Amino acid sequence: MHNLSIIVAIINVLCFGTILILFDNKQGLMMNVDKAKKRIAKQVKKGFKGYPQLSFAYFGKTSNIATEVVVTFTLAEGAEPQEQKFVSENDVREDETIQSVLVKIIDRAGANSVLETEGVKII
97 MHNLSIIVAI INVLCFGTIL ILFDNKQGLM MNVDKAKKRI AKQVKKGFKG YPQLSFAYFG
157 KTSNIATEVV VTFTLAEGAE PQEQKFVSEN DVREDETIQS VLVKIIDRAG ANSVLETEGV
217 KII
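Okay, structure coming up:
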């Protein structure tokens, strides 16, 4: 849990422009990390269902801790993918803010497919 009562995340998603997401812990707008992870896993489990497509790849200095997640948005087959990277000092897979933002990206992007690479790629 973060000490700040308000956390702001700015996300750039292809033609949707800049999305400003405001999380206020006191009002419960930030999703519990376990709930966020379950929602992401549910979307990933559906597999490829066409475009637009989002993919998540986790990176870290060891295979146990992912300190970065790269979100790739592809509007259509053959379209230029756009990437956004989120970095944390701790494991991004357990970061409530980052996982909540990933859920919001899925919702706002209208992705038909959400893919996730298994494990943590070493950087």
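Numbers in the numbering used here are just positions in the sequence shown, counted from 1, shifted up by 96.
Note that the Cβ used here is the ideal one computed from N, Cα and C, for glycine as well.
All values derive from a computational prediction rather than experimental measurement.
Where Thr158 is concerned, there is no enclosing alpha helix (DSSP H), because DSSP gives it neither an H nor an E. Taking a C-beta distance under 8 Å as the contact criterion, Glu173 and Tyr154 do not qualify as a contact pair. The beta carbon of Val183 sits closer than 7 Å to those of Thr163, Glu164, all from its chain and outside the five residues before and after it, given in chain order.
By the Cβ-count criterion, Gly143 is exposed, with fewer than 16 other Cβ atoms from all chains shown falling within 10 Å of its own Cβ. Judged by DSSP in its simplified three-state form, Glu192 adopts helix.
For Ile218, the secondary structure class from DSSP, reduced to helix, strand or coil, is strand. If the five residues before and after Val140 are omitted, its C-beta is found closer than 7 Å to the C-beta atoms of Val210, Leu211, Glu212, all from its own chain and listed in chain order. Around the C-beta of Thr170, 16 or more other C-beta atoms lie within 10 Å, and the residue is accordingly described as buried. Counting only residues of its own chain and dropping the five nearest sequence neighbours on each side, Asn208 has a CB closer than 8 Å to the CB of Lys145, Gly146, Tyr147, Pro148, Gln149. Lys145 carries a coil assignment under DSSP once its states are collapsed to helix, strand and coil. Its Cα nearest to that of Lys138, the residue Asp203 stands out among Ile218, Thr168, Asp203.
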